[in-house]
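Enquirer: Chains as they are written, first to last, in the numbering used here: chain A, 1 to 636; chain B, 1 to 179; chain C, 1 to 497; chain D, 1 to 108; chain E, 1 to 516. Please read through the structure below; I'll follow up with questions.
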Amino acid sequence: MLNLVWLIPALPLAGFLLILLFGRVLGEPRAGILATAMTASSFVVVVGVYLDLLSRTAEERHHVVTLFSWLPVGSLHVDMALLADPLSITMALFVTGIGSLIHLYAIGYMHGDPKFSKFFLYLNLFVFSMLMLVLGENLLVTFLGWEGVGACSYFLISFWHTRDSAATAGKKAFVTNRVGDWGMMVAMFLAFSAVGTLSYEGINSAAAGGKIAAVTATGIAMMLFVGACGKSAQLPLYIWLPDAMEGPTPVSALIHAATMVTSGVFLLTRMSPVLHASYPWVGDVIATVGALTALFAATIAVAQTDIKKVLAYSTVSQLGFMFLAIGSGAYVAAIFHMVTHAFFKALLFLGSGSVIHGMHHEQDMRNMGALRKLMPITGFTFIIGWLAIAGIPPFAGFWSKDEVLLYAFANNRLLWLIGVITALLTAYYMTRQVIMVFFGEARWHDHAEENGAHGDHAPHESPWTMVAPLVVLAGLSIVGGALQLPFSKSTKFLEHWLEPVIHDSEVSISGTWAYSNKWLLLVIAILIAVSGVVASIAVYAKGKFKIIEPKILADAWRYDSAVSAIVGGPGRAAFGGVAAFDAKVVDGAVNGIGTEVRAASGLLRKVQSGLVRSYAFVIGLGAVVLLAWFLLRGIL
Amino acid sequence: MELFVFVVAAAMVLVGALGVVTRSNPVHAAMSLVLTLFGIAVMFVAHNAHFLAAVQVIVYAGAIVVLFLFVIMLLGVDRAEDLSVEPITNQRPLAAIIGVGISAIVIAAIVSSRAGLGASGEGVNETTLESPDANIRQLARVIFSDNVFAFEITSVLLLVAVIGTVVMARKTKSVGTRK
Amino acid sequence: MVFAATLDGPSVPWVELIPILSLLAGTCFLLLVGSLVPTWPRRGYAWVTGISTTVAIVASAVQWNNLYYNKGKTFFADAIAIDRFSVLASITICLAVIFGALMTSAYLTRMNADGPELYALLLTAAIGGLVMVSANELIVLFLGLETLSLSLYLLAASNRDREQSQESGLKYFILGGFSSAFFLYGVALIFGSTGSTKISGIGEALSGNISIINADAMLLVGIGMLLVGLGFKVSAAPFHVWTPDVYEGAPTPVTAFMASAGKVAAFAALIRILLVGLEQRVDDWRPVVWALAILTVFTGSILAVVQTNVKRMLAYSSISHAGFILVGVEAAGHMGSDGIATSMNYLAIYTVLVMGSFAIVLALSGNTDGETNLSDFKGLAKRRPALALAFTVLLFAQAGVPLTAGFVAKFAVIKSSVEANSYVLAIAAMVAAVIGAYLYLRIAVSMWLEEPASDSEISVDPAVVIVIAVSVVATLIVGFFPELLLQATRLARFAPR
Amino acid sequence: MSFVLSAVEPTSTWYLVLSAVLFGIGTIGVMVRRNPLIMFMCIELMLNAVNLSFVALSSQIANIDGQVAVFFVLVVAAAEVVVGLGIIVSIMRRRTTLTVDDMSGLKG
Amino acid sequence: MHASFPILSALILLPILGAVLITIVSNKHLELVKLIAMLFSVGVGGMSVWLLASFRSHDSGFQFVSQHDWVTSWGISWHLGVDGVSLFLVVLTGILFPLVILGVDPHHDHKRYLAWLLLLEAGVMGSFLSLDLFLFFIFFEIVLVPMYFLIGGWGYDKRVYAATKFFLYTMLGSAFMLVGIIATAVIARRDIGYLTFDLVTLAEQASFATNTGRWLFVSFAIAFAVKVPIFPLHTWLPDAHTQAPTGGSVILAGVLLKMGTYGFLRFGLYLFPAAAVWAKPVLLTLAVIGIVYGAIAATMQTDLKRLVAYSSVAHLGFIVLGIFAVTSQSLTGSVMQMVNHGISTGALFLLVGMIYERRHTRQIAELRGIQSVAPIFSAAFMIVMLSSIGVPGLNGFAGEFLILIGSFQSARWWTIVAATGVILAALYLLWAYQRVFHGEPDEANSTFAEMTLREGALIMVFIGLIGFTGVYPKPMLERIEPSVDKLVEHVVSHSDYKVPTTPNIVVEPHGEKAGE
């Protein structure tokens, strides 16, 4: 079974090619079904591989399938090779799993769209790239996927490219990602010059074996982190993610919540030995950036009115949590949170999509409310997702968030505090969203009448293709925590499973105060979550306190606008200056020479006056000069 | 005595030359040219170049200048040229500088190397009463032995002159051609 | 009175003189029979000229062949030297005569005025040229120079219906006389300082084989005067001033002849004087030639930029070509350089190029021989593609584009210049060549890329066609296979003293 | 008086200097005069200057070749005059005024 | 075809023959003219492919060598040969020309147009194949003439200006090179004993004094720098590219510019290793400046074609960077990138040309929302654009990555700066794409015609090459690398340059366990 690893990316690729060739013929809904089938079957293969791995001892859970030699030059040998080990398969599992669910969902959501088949074309291509990213045996194959998902997210964000906002958002996403890619490329260069190979095994073993100087390792780690910041929307490069909501909601769910944005976390986990080999402050930097991003995004989410924007910022915030975990050395926790987050965030996005679909593409939460009656299933599942992300036990989010906070406390209490505040805010704004959308009085009737667009028919529940995934994901969000229960060693399934790849565990923080008092922390976490929920209910449902939504928060601390102001203002002016310099100075010099020659010609021309006597004079002058020279040579 | 001859001849030469340059009337200019030529002839004599002196008088004064005058008369251009104006700005001072410069340079060269000029040939025969034709003989020998080729080439030169007169003087369409 | 003293005239080497004599015979035949027989068959004069010149060429070729055994000798008490150098130059000049005769016949037919005079003058000019290239005696050289020049004055002024022709004739005459006076003064001073007018004699005097007499200043000023005179003839800046006017004004065939034969003769003379007579004084004259060369290449190419008359453009380009040849001469001033060969090589190729180019100008110049403006060449590619193509080839050859003779010429000269370590000169020359290329591009543009101003029928005389065809073919052949010409020019050497 | 005169012997250097001056005058003439005939005369002046130096030099260095040269120069001068005057005449046929300055149609 | 067949000479002479035939065929038989052009160009293309097929990989030496005396008195010989460095450039030339001849319509004067194109092909082939300095110079220079007429005769409004600028600028550069070439041969005569312009002989036997070598190298470098073009000698390129007809631009970008970079490899590094190493910092800096500067300038262009032209400046900066960071990877990458850039930029110019055909404007401001009316066309443009941006899996990335990872070994900081060019590339291309293809089409663009079959077929060839090279570059690399390694050894052995060695750490399975 392990040798069929290549099938995992191959199937979506096949789907992509088929739709590319016959997409127009297939049309709706067959194209969608095909795509879904491909992803699903790929999922099946992954499961098979997973079982196969499971059947092996921890040492043998590591299998490389080399397809062909890609870039062999001199000492550089890069193979197009896939690596099947617990980490990659974990990633592959939820990529293909959630992927196929979202495909299914999209069949319903994209119903009636003229570019229906093209949408699935991109989706399959994305799944393929994402799988290359996670399954890659070396940095370059990962980079192939890395850029591939970037390109696909560009296509999908600007899917409705006739909307200028969509087109701009897509471009913004790609270019911002490129900044990260730059970091990743430099990291690769460093790794190659330090180790002479790009394969994870080579680099990691070298790092673990202390064959990489700490400074080099630091360089690599930091550059990888730059790359991760770009992909995983961390400060200061997060700005593209909120705009990415311009894309169709399934895209937001798949790419900008569940899979792609987590690839930064994946990469750092993959390269964890290098992080270990580098200076200790690297971890602090990562953790700090993560924590700050989490808090920053959470504060923004509090004041958003667009249903998807709230989720977008919460995604950024949750990603911050994952980086906080990585920085604190809690790789398992990071992966754990990644998985659970994938579950409930995908759920929430799909739910919001369902709402938007039901509200006829209305996204402003101020025009919603009391939808739980009209959209029971959506409402129910959404509420589960809310509980999960808010960190209410026993839902998935609670367990993973708690573990992250545990490590954070062990590592740096200030960061823990930030994490806790963020958790509070998370519970708060998620509750706010649920209330605004599903409870309270319906604000969409009057709204519908005032613009009269579709006031005649009310919001409605979505078709089964859309609802089914919601249900499944809701289930996962409930039980997801079971992957890694802190009760005893045996319940920590994920940690055990990932052991071959990530060789550290809670043991690493054993002996710290946090470790011994982790139950206390657990309780604190619960209290925080609950108080957040309560506060929010008090404000939004009961109206006990007045609503606090400062403009500055609604404007995301004006960070985004400031950036665009700089890029569009001084930046653009500078570029224009360069272009002008090229035209005026560089080219001007060239043409200047031309005009100079002409001028000289015009000047010399005056000598050719046509007057014999001045000609005689010129000749005489020449003669005098010439003779003078000779005379001097003769006399002296 | 030689000094006296030199002074007189030099005076003739220079006066004539200046005349050529300054006389506004072509006829006068031609006349001053004659003066110069005679001066030169005198100097030839002073250097025992009697034959050349004769030829100088005959060819130059006798033929060339006459030809000049003939042309002047023929074309009726003996009107005085107005020398008071000079169309080309600064032409005269510049010309003066050039001329003086050339002379100065050559003079400097001559003076600086006058000592270096030593005898190289077998000498120039003195024409005396005993041998009045010494110069002619010597010249003739050299011309018709060593320089015979040059002498022959002069015939081509004259031929060119002849053709030239034909080309320039004949009426344009006078040539017999088939149309 | 001693009559016993008989004059023992020198033995006349009739055989060696056949080239000159045949040309002379041609001249006389033209004049006598031309004046006796009123009506001649069409192109009859051209035929006579061609035949006599061909004889001269054949004779020279035979000489060339004989010189394989001995390096050449001097005659008439060293008055003239027959060696491979002179023979090569003579052949080039004779070729120019044939081309010139062909073009003249076309020109005269168009003017519907035929007559022996122009042909005769071509021949006398050629005689002058031959004398110059083989003269080993400054007086003989001067005589040859005057023969050539007088003929050219007359030829330039010969079109009496066209004002510019006369004007150019007069200008050329006055300035020519002016410059030859300088030349002659140079001869005098050199004679004074070295006691000889024989070029080889001067060389011996300076190398101290015979009674050394030191009159440096006089000698050097004399050299300067000579350079002024010859510089005028080769139209080296700043003595080039006459060139554009005369070239533009003179009848097109005459311009072509002047540009080729005149230059060849003058350069041959210059080279012989500098390298046979004044070899000992190389350090004195090389810097001057260096300066002249740079001045000339740049003057020619820069002034050409703003011209609007094609004949004038070609005049300026001929100036910069002269500069290139001077580069070769400068190189020849160094020990063991093949500058002489490359200069002669350049001259030979240049003759062909300039002949072809002016032939095309002639073909387009209309009945007044005056339609030579750039505008008259507009859209030539549309009217007469073949003509345009031929002109393009010749122009690019002059610009020095590879696979044409022009490139071979430039390459050779630059090579010898580099071998002589005068890199500055080489680079300067190449840069100037680039500036000059602009001129050829302008002509090409108006021929290929602009619409015809008039679509009047262009009738090209067969004689001109021959000239163009031959020159184009020669250009390409030499461009692709330069070996033969290079072999020949490399053998060009002087007769031993 | 006479012995004073006979005291100083004019060496041929004097003549050479004189000829140089004459040559200079000739050049100046060519540059300042507008009448082609007179310009031509100035050229003749220059040639004569050269002749003078030839003769002087030939006696100075006791070499007859100088005189020979002069002989040929005379011939050249004669031929030149014929040709030159021919050209001038043919031009003057059509023109009335006679200055070279207004013969400047060719320029640039 | 038998191996003894002088295929290289044929590659040069066939196009010339074709051109001659076309010139003699009368203008009336237009079809015949087109047929001849097609036959000859396709024939040459086929031969070049055959060359590729029968080229012995893993062989560093010159193959298919043919040598005949030409100008013996100057030691010049007709010496042709192909190795890994030139092979793919030859093949690219062989493929590109028939595509242009078949795919692009000059609209008028087909006869002359085709004749010039064939002559151009001969010149380009010659300069890639010749192993004799004189021969190389001849072809290097002769190329100007047909290109000049192509731009001047079939270009757009400012064509004459552009053509003249191109001609003179390049000619000025090669003026220095000519002197340099002659000086090289003359100076080397002391070591070799006889005058020869033969590249191999000179490179292997001649040894130049330090300063001499440097001067000679500079004289060559000027010519190549103009041709590449390297900042700040690049300004002829935007004009020439913009004004040239589509076919001309494709050829210009595709192969002509490569003559400069190829020259640097063949005559810079190979002939003057020490001097090249000496000049390394300057050229690296200029290259990096070119990358960033070209990209920035491209961003601000308002003319689509001009934008692509400036992108060429940036891309060639990468190639130069790779050449002068003398490592096996960077050089291989450069050679590969020469071909890649030829393909992708060539395709870009084709597409821009198609846009012009339809809309008669190249102004970005006047184009809008084309993707909604012509999706296939846009898709093609997108793919080509991504390859030019350097997205992995497409050819652009393979070369660029090799260059960068190789250069990083020997020129670390330059590379780090150069890598930012990747960001800028995405910026200017995506921005342009958004402005041209995204948004709602206005009425002028709403009639934008979808790609025709002929155009599609044409572009498909390019896209196929882009995809294949990107996914499976190995066959290409294993032919390039041996020659490149030989070159690197040559440089190392003739200069004080040391190739940085990358450690090769043995990887035991599950190394991280072993690490503890």
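Every residue gets a Cβ at the ideal spot worked out from N, C-alpha and C, and that includes glycine.
1. Excluding the five sequence neighbours on either side, which residues of its own chain have a C-beta within less than 7 Å of the C-beta of residue 299 of chain C, listed in chain order?
2. For residue 90 of chain B, is the classification buried or exposed, using 16 other Cβ atoms within 10 angstroms of its Cβ as the cut-off for buried?
3. What does a CB cutoff of less than 6 Å around residue 482 of chain C pick up in its chain, not counting 5 residues either side in sequence?
4. Could you tell me the alpha carbon to alpha carbon distance between residue 634 of chain A and residue 99 of chain C, rounded to whole angstroms?
5. Count the other CB atoms, across all protein chains shown, that sit within 10 Å of the CB of residue 266 of chain E; report buried if there are 16 or more and exposed otherwise.
6. Under the rule that 16 or more other beta-carbon atoms within 10 Å means buried, what is residue 308 of chain C, buried or exposed?
7. If you drop the 5 nearest sequence neighbours on each side, which residues of the same chain put their C-beta closer than 8 Å to that of residue 363 of chain E?
8. Three-state secondary structure (DSSP) at residue 182 of chain A?
9. How far does the beta strand (DSSP E) with residue 255 of chain A in it extend, from its first residue to its last?
10. Once the 5 residues before and after residue 443 of chain C are set aside, which same chain residues still bring their CB inside 8 Å of it?
11. Who are the near neighbours of residue 303 of chain A in its chain, counting only those whose CB is closer than 6 Å to its CB and skipping five residues on each side?
12. List the endpoints of the continuous beta strand (DSSP E) containing residue 64 of chain E.
13. Quick check: the Cα distance between residue 20 of chain C and residue 56 of chain C, rounded to an integer number of angstroms?
14. Given that a residue counts as buried once 16 or more other Cβ atoms are within 10 Å of its Cβ, and exposed if not, what is residue 250 of chain A?
15. In chain order, what residues of the same chain have a beta carbon less than 7 Å from the beta carbon of residue 15 of chain A, not counting five sequence neighbours either side?
16. Are three or more beta carbon pairs between the stretch 49 to 56 of chain D and the stretch 44 to 63 of chain B nearer than 8 Å?
17. Express the C-alpha separation of residue 93 of chain A and residue 51 of chain A in angstroms, rounding to a whole number.
18. For the stretch 239 to 260 of chain C, which residues have a CB atom closer than 7 Å to at least one CB atom of chain D, in sequence order?
19. Assuming residue 341 of chain A is part of the beta strand (DSSP E), what are its boundary residues?
20. Using DSSP with H/G/I as helix, E/B as strand and the rest coil, what is residue 68 of chain A?
21. Quick test of your reading: residue 183 of chain E and residue 216 of chain E, contact by CB under 8 Å. State the CB separation rounded to the nearest angstrom.
22. With distance defined between alpha-carbon atoms, name the residue in A/19, A/99, A/353 and A/26 nearest to residue 254 of chain A.
23. For the beta strand (DSSP E) holding residue 77 of chain E, just list the boundary residues, first then last.
24. Since residue 240 of chain C sits in a beta bridge, which residues does DSSP pair it with?
25. What residue range does the alpha helix (DSSP H) around residue 581 of chain A cover?
26. For residue 485 of chain A, which of helix, strand or coil comes out of DSSP?
27. Given a threshold of 16 other Cβ atoms within 10 Å of its Cβ, counted over all protein chains shown, does residue 566 of chain A qualify as buried or as exposed?
28. Could you check where the alpha helix (DSSP H) with residue 165 of chain E kicks off and where it finishes?
29. Determine the extent of the beta strand (DSSP E) in which residue 80 of chain A is found, giving its start and end residues.
30. Using DSSP with H/G/I as helix, E/B as strand and the rest coil, what is residue 199 of chain A?
Expert: For this structure:
1. As a working mapping, residue 299 of chain C is identified with position 299 in the third sequence. For residue 299 of chain C, where only same-chain residues beyond five positions count, the Cβ hits under 7 Å are 237, 240 and 319.
2. For the purposes of this step, residue 90 of chain B is taken as residue 90 along the second sequence, with counting starting at 1. Exposed, since its Cβ has fewer than 16 Cβ neighbours within 10 Å.
3. Taking the third sequence and counting its residues from 1, the one referred to as residue 482 of chain C is at position 482. Cβ within range, chain order: 408.
4. In the first sequence, residue 634 of chain A corresponds to position 634, counting from 1. In the third sequence, residue 99 of chain C corresponds to position 99, counting from 1. Taking the straight line from one Cα to the other gives about 45 Å.
5. Sequence index remark: in the fifth sequence, residue 266 of chain E carries index 266 (1-based). Result: buried.
6. Indexing the third sequence from 1 puts residue 308 of chain C at position 308. Under a 10 Å Cβ-count criterion, residue 308 of chain C is classified as exposed, with fewer than 16 other Cβ atoms of the shown protein chains found around its own Cβ.
7. On the fifth sequence, position 363 is the one that residue 363 of chain E refers to. Within the same chain, residue 363 of chain E has close Cβ partners 302, 303 and 304.
8. Reading the first sequence from its first residue, position 182 is the one you call residue 182 of chain A. Three-state result, residue 182 of chain A: helix.
9. For the purposes of this step, residue 255 of chain A is identified with residue 255 of the first sequence, where counting begins at 1. Run containing residue 255 of chain A: none; DSSP gives neither H nor E here.
10. Along the third sequence, read from residue 1 onward, the residue named residue 443 of chain C stands at position 443. These residues qualify, in order along the chain: 310, 313, 374, 377, 391 and 395.
11. Position 303 of the first sequence, counting from 1, holds the residue named residue 303 of chain A. Residues 549, 553 and 554 of the same chain have their beta carbon placed closer than 6 Å to that of residue 303 of chain A, with the five preceding and five following residues left out of the count.
12. Within the fifth sequence, numbered from 1, the residue matching residue 64 of chain E stands at position 64. Element bounds for residue 64 of chain E: 63 to 71.
13. Indexing the third sequence from 1 puts residue 20 of chain C at position 20. Indexing the third sequence from 1 puts residue 56 of chain C at position 56. Residue 20 of chain C and residue 56 of chain C: Cα-Cα distance of roughly 7 Å.
14. The residue labelled residue 250 of chain A in the question sits at position 250 within the first sequence. Under this definition residue 250 of chain A is a buried residue.
15. In the first sequence, residue 15 of chain A corresponds to position 15, counting from 1. Cβ neighbours of residue 15 of chain A beyond the five flanking positions: 34, 35, 38 and 124.
16. The answer is yes - the stretch 44 to 63 of chain B touches the stretch 49 to 56 of chain D, with three or more Cβ pairs under 8 Å.
17. Counting from 1 along the first sequence, the entry for residue 51 of chain A is found at position 51. Counting from 1 along the first sequence, the entry for residue 93 of chain A is found at position 93. Taking the straight line joining both Cα atoms gives about 11 Å.
18. Within the stretch 239 to 260 of chain C, the residues whose Cβ lies closer than 7 Å to some Cβ of chain D are 245, 248 and 249, listed in chain order.
19. Taking the first residue of the first sequence as position 1, residue 341 of chain A is located at position 341. No beta strand (DSSP E) holds residue 341 of chain A; the alpha helix (DSSP H) holding it covers 331 to 358.
20. Reading the first sequence from its first residue, position 68 is the one you call residue 68 of chain A. Looking at residue 68 of chain A - three-state DSSP - the assignment turns out to be strand.
21. As a first step, residue 183 of chain E is located in the fifth sequence; it is residue number 183 there, counting from the start. As a first step, residue 216 of chain E is located in the fifth sequence; it is residue number 216 there, counting from the start. Confirmed, about 6 Å.
22. Numbered from 1 along the first sequence, position 254 holds the residue referred to as residue 254 of chain A. Looking at the Cα atoms, A/99 is the closest of the given residues.
23. One-based indexing of the fifth sequence puts residue 77 of chain E at position 77. For residue 77 of chain E, the enclosing beta strand (DSSP E) has its first and last residue at 76 to 82.
24. Within the third sequence, residue 240 of chain C is the residue found at index 240, counting from 1. Listed as beta-bridge partners of residue 240 of chain C by DSSP are no residues whatsoever.
25. The residue labelled residue 581 of chain A in the question sits at position 581 within the first sequence. Here the alpha helix (DSSP H) through residue 581 of chain A covers 572 to 581.
26. As a position in the first sequence, residue 485 of chain A is number 485, starting the count at 1. DSSP places residue 485 of chain A outside both helix and strand once states are collapsed to three, so it counts as coil.
27. Counting from one through the first sequence, the residue named residue 566 of chain A turns up at place 566. Residue environment analysis places residue 566 of chain A among the exposed positions, since fewer than 16 neighbouring C-beta atoms fall within 10 angstroms of its C-beta.
28. Numbered from its first residue, the fifth sequence carries residue 165 of chain E at position 165. Per DSSP, residue 165 of chain E belongs to the alpha helix (DSSP H) from 159 to 192.
29. As a first step, residue 80 of chain A must be located in the first sequence, where it is residue number 80. 76 to 84 is the span of the beta strand (DSSP E), which, as asked, contains residue 80 of chain A.
30. Translated into the one-based positions of the first sequence, residue 199 of chain A becomes position 199. Three-state DSSP puts residue 199 of chain A in a strand.
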